[in-house]
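Read the structure below first, then the notes.
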Amino acid sequence: MENGAVPPVRHGHDSAPGNAPDHPTGSAPVAGSAPVAGSAPVIASAADPGGPNGNISNGNTPNHAGAAPASAPAASAGRGKEKILHLSELQQKSVPELNELAAHYGLVDLGALRKHELIFEILKANANFRGTIFGKGVIEILPDGFGFLRSPNYNYLPCPEDIYVSPSQIRRFALRTGDTVEGEIRSPKDKERFFALLRVDKVNDGDPERSRRKIPFENLTPLFPDRRFILEREQEEVSMRVMDIFTPIGMGQRGVIVAPPRTGKTVLLQKIANSISKNHPDVYLIVMLIDERPEEVTDMERHTSAHVLSSTFDEPPERHIQVAEMVIEMAKRMVECGRDVVILLDSITRLARAYNTMEPHSGKILSGGVDSNALHKPKRFFGAARNIEEGGSLTIIATALVDTGSRMDEVIFEEFKGTGNMELSLDRHLVDKRVFPAINIEKSGTRKEELLLHPDELNKTWILRKALNGVPPVETMELVVSKLKKTKSNAEFLMTMKE
């Protein structure tokens, strides 16, 4: 069953959504979301469970948003198993760990249940022992006015463990799609299918009242990037040292990595992610893999500390779009709070292909089969990258595929070519010669790099570019790599240069 299936809310009614449609507007069906065996499907009440404070009444005095969690009533004598559970922590546990926890509640014969069904049974047992459940997720507000907290463990896609948020709570705290909401939740009652949010404790990891005073992202003032990411980590990491010199990245950069097939674009993104994580731990880093292979997703998760989100090539195009839109909305809400956010996207070409597939045909088809209206939304995604005068920044570094033999990919690249303010070009000829990193220095560069580099560093970089002008790309990279390996840092390398 799909979890956007809650009908419009009518205040004063407590009816459950037993006959609601299976799939909400704009949501894709979720594989593996069958109801728990022998029980009603797991979905929350359709009735607006909130009064003026946006709280769900459980038959007692309603909780007030922002108040400290009320102590749970004592369980019946002899039980002693009541405890506080966090839904997000349960979702991160393995099935054997969940089975062990289920045994703590006296649950047996659960081997045939799937993971989300097992989590539901544990939470239901905890509720029977008067335990407390807390949940956290990124809200997606549906056209009918209510919303659901989506879990990062499921790439923010609809799943049976989503948490229902009432319209009154959304209005009370001026919530918008992409806000991270945390609070106490309750298990589904009879004929309900979702968990429901009882009380809002935090919005975007802060005071819920403060979130109401945020300036919308669209009203913030964009500026050229003027704060630099330091990518250099160690002497042997030559690719990051080359980027630091020739294509510096600033906070708020909108960069394109132009990548023919098999030139190491995914490995390069992985190294960028590790450099940012190490040198700028306060930055919220997201790696988004669209239409990629599942093994690459696993590799990225294991070798970076970034928040990895994916929609693999075996998923339908609407899944690609839904993941991308949830990620960009979440990033915007974080920037509104003054955070620096980085999104590494692989690739913008495949995201644009997904939008082209799902866009209603306008009758105006460009070369390569691209609909004239299809590229507006991926451009809006890419165009969200900016440095904010009021504080915060959103950096997007996206790969664009070229030389794939597809005319559509060429058209998509041409459309995005002039929209970025940093371009890094990978060269197939360098890969054929086994020269890495396969960066074409002559075709790569950053706009307004004088805002990012120290004047002395900028002068040395210009001298180096003049000296390398006209030298074939393979010889250029071999020369630069050999010189960099002889020095411990970029500063030492530039200081040893002759005027």
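The sequence shown begins at 2 in the numbering used here and counts up one residue at a time. The beta carbon of each residue, even a glycine, is placed where N, CA and C say it ideally should be. These numbers were taken from a predicted model, which means no experiment stands behind them.
- Task: Can you give me the Cβ contacts of G369 inside the same chain, cut-off strictly under 6 Å, excluding the 5 residues immediately before and after it?
- Result: Within the sequence shown, residue 369 is the residue found at index 368, counting from 1. Once the five neighbours on either side are set aside, the close Cβ partners of G369 are R408, M409 and V412.
- Message: For I366, count the other beta carbons within 10 Å of its own beta carbon; 16 or more makes it buried, fewer makes it exposed. Which is it?
- Response: Taking the first residue of the sequence shown as position 1, residue 366 is located at position 365. I366 comes out exposed.
- Task: For D227, decide whether its Cβ has a neighbour in chain D, counting only Cβ atoms nearer than 8 Å.
- Result: Among the chains of the structure shown, chain D does not appear; only one protein chain is present.
- Item | Top-ranked residue by Cα proximity to A307, from T313, M496, A274 and R228 | Counting from one through the sequence shown, the residue named residue 307 turns up at place 306. Minimum Cα-Cα distance from A307 among the listed residues T313, M496, A274 and R228 corresponds to A274.
- Message: Less than 8 Å between the beta carbons of K461 and T420, yes or no?
- Response: Start at 1 with the first residue of the sequence shown, and residue 461 comes out as number 460. Start at 1 with the first residue of the sequence shown, and residue 420 comes out as number 419. Against a cut-off of 8 Å, the Cβ pair of T420 and K461 comes out as no contact.
- For R387: DSSP bridge partner residues: Position 386 of the sequence shown holds residue 387. L395, per the DSSP bridge assignment.
- Looking at N100 and L111, is the spacing between their C-beta atoms short of 8 Å? Position 110 of the sequence shown holds residue 111. Position 99 of the sequence shown holds residue 100. Yes, they are a contact pair.
- Task: Please name the residue, chosen from T488, M498 and T497, that lies closest to E511 on a Cα-to-Cα basis.
- Result: Limits of the chain in this structure are 2 at one end and 500 at the other, which puts residue 511 out of reach.
- Message: Please determine whether the Cβ atom of H304 lies at a distance below 7 Å from any heavy atom of the ligand FAD.
- Response: This structure lacks the ligand FAD; in fact it carries no ligand of any kind.
- Message: Is the separation between the beta-carbon of V403 and that of V259 shorter than 8 Å?
- Response: Counting from one through the sequence shown, the residue named residue 403 turns up at place 402. Counting from one through the sequence shown, the residue named residue 259 turns up at place 258. Cβ atoms of V403 and V259: closer than 8 Å.
- Message: I need the straight-line Cα distance from L199 to K116, nearest angstrom please.
- Response: Here the question's residue 199 lines up with position 198 in the sequence shown. Here the question's residue 116 lines up with position 115 in the sequence shown. For L199 and K116, the distance between alpha carbons rounds to 24 Å.
- Message: I need the DSSP call for V436, collapsed to helix, strand or coil.
- Response: Against the sequence shown, residue 436 aligns to sequence position 435. Three-state result, V436: coil.
- Please say whether G132 and L88 have beta carbons closer to each other than 8 Å? In the sequence shown, the residue the question calls residue 88 occupies position 87. In the sequence shown, the residue the question calls residue 132 occupies position 131. For the 8 Å CB-CB criterion, L88 and G132 do not form a contact.
- Item | Extent of the continuous beta strand (DSSP E) to which D347 belongs | The residue labelled residue 347 in the question sits at position 346 within the sequence shown. That run of the beta strand (DSSP E) goes D341 to D347.
- Item | A325, buried or exposed, once every other Cβ within 10 Å from all chains shown has been counted against 16 | The residue labelled residue 325 in the question sits at position 324 within the sequence shown. Result: buried.
- Message: So, for C338: in the same chain, excluding its five sequence neighbours on each side, which residues have a beta-carbon less than 6 Å away from its beta-carbon?
- Response: Within the sequence shown, the letter at position 337 stands for residue 338. Answer for C338: N205, listed in chain order.
- Message: Here's the rule: buried if 16 or more other CB atoms are within 10 angstroms of the residue's CB, otherwise exposed. What is L480?
- Response: Counted from its first residue, the sequence shown places residue 480 at position 479. Exposed: under 16 other Cβ atoms inside 10 Å.
- Query: Taking Cβ positions, are A399 and F383 nearer each other than 8 Å?
  - Reply: What you label residue 399 is simply residue 398 of the sequence shown in a count that begins at 1. What you label residue 383 is simply residue 382 of the sequence shown in a count that begins at 1. In contact: A399 and F383 (Cβ atoms closer than 8 Å).
- Are N441 and D433 close, meaning C-beta to C-beta below 8 Å? The residue labelled residue 441 in the question sits at position 440 within the sequence shown. The residue labelled residue 433 in the question sits at position 432 within the sequence shown. Their beta carbons are not under 8 Å apart, which means N441 does not touch D433 by this criterion.
- Message: For K94, tell me which candidate among Y106, L345 and N154 has the shortest Cα-Cα distance.
- Response: Counting from 1 along the sequence shown, the entry for residue 94 is found at position 93. K94 has its Cα closest to that of N154, out of Y106, L345 and N154.
- According to the neighbour-count rule (16 or more other Cβ atoms, all chains shown, within 10 Å of its Cβ), is A113 buried or exposed? Residue numbering aside, residue 113 sits at position 112 when the sequence shown is read from its first letter. Under this definition A113 is an exposed residue.
- Touch test, the stretch 449–468 against the stretch 247–267, Cβ-Cβ under 8 Å, three pairs minimum: yes
- Task: Can you tell me which of F314, V436, M478 and V342 puts its alpha carbon nearest to the alpha carbon of H281?
- Result: In the sequence shown, residue 281 corresponds to position 280, counting from 1. Ranking F314, V436, M478 and V342 by Cα distance to H281 puts V342 first.
- Query: Do you know offhand how far T62's Cα is from I186's?
  - Reply: As a working mapping, residue 62 is identified with position 61 in the sequence shown. As a working mapping, residue 186 is identified with position 185 in the sequence shown. For T62, the pLDDT reaches just 35, beneath the cut-off of 50, and the residue's location in the model is therefore unreliable, leaving the point undetermined.
- Task: Pair every Cβ in the stretch 280–295 with every Cβ in the stretch 308–315, then say whether three or more of these pairs are closer than 8 Å.
- Result: yes
- Message: For a test of the three-state rule: what should DSSP assign to P209, helix, strand or coil?
- Response: What you label residue 209 is simply residue 208 of the sequence shown in a count that begins at 1. DSSP places P209 in helix when its eight states are reduced to three.
- If you run the structure through DSSP and keep just helix, strand and coil, what is L431? Numbered from its first residue, the sequence shown carries residue 431 at position 430. L431: helix per DSSP, three-state reduction.
- Message: Taking the alpha-carbon of A105 as reference, which of I329, I123, V96 and E90 has the nearest alpha-carbon?
- Response: As a working note, residue 105 is residue 104 in the sequence shown. Reading off the sequence, residue 105 comes out as His, not Ala. It is I123 whose Cα lies nearest to the Cα of H105.
- Item | Length-filtered (3 minimum) beta strand (DSSP E) runs lying within the stretch 108–136 | none
- Item | Cβ pair V328, L395 closer than 8 Å | As a first step, residue 328 must be located in the sequence shown, where it is residue number 327. As a first step, residue 395 must be located in the sequence shown, where it is residue number 394. It is not a contact, given that the beta carbons lie outside the stated cut-off.
- Query: Which whole-angstrom value describes the C-beta separation of L352 and H321, a residue pair presumed to lie in contact below a C-beta threshold of 8 Å?
  - Reply: One-based indexing of the sequence shown puts residue 352 at position 351. One-based indexing of the sequence shown puts residue 321 at position 320. L352 to H321, Cβ: 6 Å. Contact.
- Item | Limits of the beta strand (DSSP E) - the one that V225 falls within | For the purposes of this step, residue 225 is taken as the residue at position 224 of the sequence shown. Inspection of the sequence shows that residue 225 is occupied by Phe rather than by Val. Here F225 belongs to no beta strand (DSSP E), and DSSP marks it neither H nor E.
- Message: Quick check on this structure: which residue in F121, R255, L150 and K190 has the alpha carbon closest to the alpha carbon of R387?
- Response: Walking along the sequence shown from the start, residue 387 turns up at place 386. From the listed residues F121, R255, L150 and K190, the smallest Cα separation to R387 is found for R255.
- Item | A260, DSSP secondary structure in three states | Start at 1 with the first residue of the sequence shown, and residue 260 comes out as number 259. Reduced to three states, the DSSP call for A260 is strand.
- Task: Return the CA-CA distance between A78 and N127, expressed in angstroms with no decimal places.
- Result: Residue mapping note: residue 78 aligns to position 77 of the sequence shown, counting from 1. Residue mapping note: residue 127 aligns to position 126 of the sequence shown, counting from 1. Per-residue confidence for A78 stands at a pLDDT of 33, beneath the threshold of 50, marking its modelled position as unreliable; the derived number appears in the next sentence. Their backbone Cα atoms lie some 15 Å apart in a straight line.
- Is A307 helix, strand or coil when you go by DSSP? Start at 1 with the first residue of the sequence shown, and residue 307 comes out as number 306. Coil at A307, not helix or strand.
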